[in-house]
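In mature numbering (1 follows the signal peptide of the UniProt record, and there is no 0), the protein residues as written are -29 to -1, 1 to 320. Notes follow the structure.
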Ligand SMILES: [Zn+2]
């Protein structure tokens, strides 16, 4: 009898423990699944690392690119964007992604990115944007401490992986291209077609679900700077800029910016997030670059040599650069000689 009571007690205790454990798992599941860009609510970028440990890593993105500190790499090749021309058999879905961003998903035939010293061919899976509430915030990457009003990310996975969930766990599994925008007084008409569809994803369904709509296919060349064959970029190794922040991304940030008008930016800003607030400022702050090096395809500008006239007049005797004290003194001496000659000429005449 006593044995039976003990068994029953053990059963009740075990049941309560299992119930408590499943309740805790449910709470954690909510915490793990949910994040946003609002630091005041407990789920913003400041707190991401508490739920996603990789967000505290040493190779995080985005970063501030100090353009005078980057290393010119003559062996860093340009990208081959010929795959971006494919439109037949490619299906596009425009998504208000849980109130985090506006995204275009790629399915159907593979759109491939090659070259750029990538270790393999990479397949485009989606592109999306990050933008700000003002024209001086919005981009995730900064250049020399300055942010752009918006940034486009083209997300690719190594073509041997079946999907982004698998690829993001592998070293160099992802290759992301970043393009910063600059305000233009004119509309960038190449964005008209895409922006004309935004009214379909204005809000997030049930405040939490993605809001999706099929859109017509267009060539990606439309959205990017001209002369893509010689697109200069900055290269570094980093992470996803959203949780779970996996450090599996080969980053390439274009040096050239894409023009966009304020009117067009306001179409992005008119979308709604999961809190039914205007979707904006959906960017992660820049992360510590730590010991990483940023390389570039862009040759450093050559210092202007002195013009032949300057050289004749000053006859600079040193190898120092123009404008230094030696050439200045030579110039001063010539001026004194000229003044003396003019004075003598005046006295004589
Ligand atoms: Zn992004």
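Glycine residues also receive a C-beta, built at the ideal position from the N, C-alpha and C atoms. Predicted model only: the values in this text are computed from it and were never measured.
Please classify residue i as buried or exposed, where buried requires at least 16 other C-beta atoms within 10 Å of its C-beta.
| i | result |
| --- | --- |
| residue 136 | exposed |
| residue 54 | buried |
| residue 210 | buried |
| residue 246 | exposed |
| residue 24 | exposed |
| residue 153 | exposed |
| residue 59 | exposed |
| residue 74 | buried |
| residue 30 | buried |
| residue 205 | buried |
| residue 37 | exposed |
| residue 272 | exposed |
| residue 142 | exposed |
| residue 11 | exposed |
| residue 133 | exposed |
| residue 228 | buried |
| residue 244 | buried |
| residue 16 | buried |
| residue 107 | exposed |
Does the Cβ-Cβ distance between residue i and residue j come in under 7 Å?
| i | j | result |
| --- | --- | --- |
| residue 168 | residue 186 | yes |
| residue 34 | residue 260 | yes |
| residue 79 | residue 62 | yes |
| residue 47 | residue 64 | no |
| residue 70 | residue 202 | no |
| residue 84 | residue 127 | yes |
| residue 253 | residue 8 | yes |
| residue 122 | residue 151 | yes |
| residue 124 | residue 96 | no |
| residue 120 | residue 103 | yes |
| residue 112 | residue 41 | no |
| residue 217 | residue 139 | yes |
| residue 222 | residue 207 | yes |
Just verifying my parser: in three-state terms, what is the DSSP assignment at residue i?
| i | result |
| --- | --- |
| residue 204 | strand |
| residue 239 | helix |
| residue 266 | strand |
| residue 73 | strand |
| residue 132 | coil |
| residue 231 | strand |
| residue 160 | helix |
| residue 152 | strand |
| residue 257 | coil |
| residue 36 | strand |
| residue 244 | coil |
| residue 272 | coil |
| residue 56 | helix |
| residue 218 | coil |
| residue 50 | strand |
| residue 11 | coil |
| residue 251 | coil |
Looking at the C-beta of residue i, does it have a partner C-beta in chain E at a distance below 7 Å?
| i | result |
| --- | --- |
| residue 262 | Here chain E cannot be found, since the structure has a single protein chain. |
Answer yes or no: the CB of residue i versus the heavy atoms of ligand 3, is any distance below 6 Å?
| i | result |
| --- | --- |
| residue 20 | For the structure depicted, ligand 3 is absent and the ligand set comprises only ligand 1. |
If you measure from each CB to the nearest heavy atom of ligand 1 and keep those under 6 Å, what residues do you get, in chain order? 99, 101, 124 and 212
In chain order, each beta strand (DSSP E) run of at least 3 residues that lies wholly inside the region 84 to 130: 93 to 102 and 121 to 129
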